[in-house]
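Worksheet: one structure, shown below.
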Amino acid sequence: MAIPVIDFSKLEGKERAETLAQINNGCRQWGFFQLVNHGITVELLERVKKVCTECDKHRAEAFKASRPMQLLDQLVREEQEVAGEVNNNKKKLDDVDWEDVFVLQDDNQ
Numbered sequence: 001m002a003i004p005v006i007d008f009s010k011l012e013g014k015e016r017a018e019t020l021a022q023i024n025n026g027c028r029q030w031g032f033f034q035l036v037n038h039g040i041t042v043e044l045l046e047r048v049k050k051v052c053t054e055c056d057k058h059r060a061e062a063f064k065a066s067r068p069m070q071l072l073d074q075l076v077r078e079e080q081e082v083a084g085e086v087n088n089n090k091k092k093l094d095d096v097d098w099e100d101v102f103v104l105q106d107d108n109q
């Protein structure tokens, strides 16, 4: 099986219904798809990629500096002290999983 590849240029032609069905299938069955012939320049895609990377970096830094993260880090340090693991190389919570959500909303419904 291959990732669905959808030709966006066919959305406005005779193959509109088939293209919409492909988008529906890509969303429902795969959760994503590759879109080709969308008309977006490579330069713009690269700029968006760069902005997204920077945004993610700043959010991760803000998360690590947040009060809940500080409290978790403090709990880990206290737990290590109780367990007798006190040293200069205290474990930190640098690799904590967290969730980011992106919601698409159709205002035409």
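Going left to right, the sequence shown walks through residues 1 to 109 as full-length UniProt numbering numbers them.
Beta carbons: idealized from backbone N, C-alpha and C, even for Gly.
Check your understanding: What do you reckon, are the CB atoms on I6 and W30 nearer than 8 angstroms?
Key -> no
### Query
Roughly how many whole angstroms lie between the Cα atoms of C52 and L44?
12 angstroms
Worksheet item: So what does V36 bridge to, in DSSP terms?
Response: D7
**Asked** What separation, rounded to the nearest whole angstrom, lies between the Cα atoms of R59 and P68?
**Response** 14 angstroms
Whole angstroms is fine: what's the gap from C27's alpha carbon to S66's? Looking at the two C-alpha atoms, the distance is approximately 34 angstroms.
Next on the checklist: Rounded to the nearest angstrom, what separates L71 and F32 at their Cα positions?
Outcome noted: 37 angstroms
request  = Taking I40 as the reference, give the member of L75, E81, S9 with the closest Cα.
outcome  = S9
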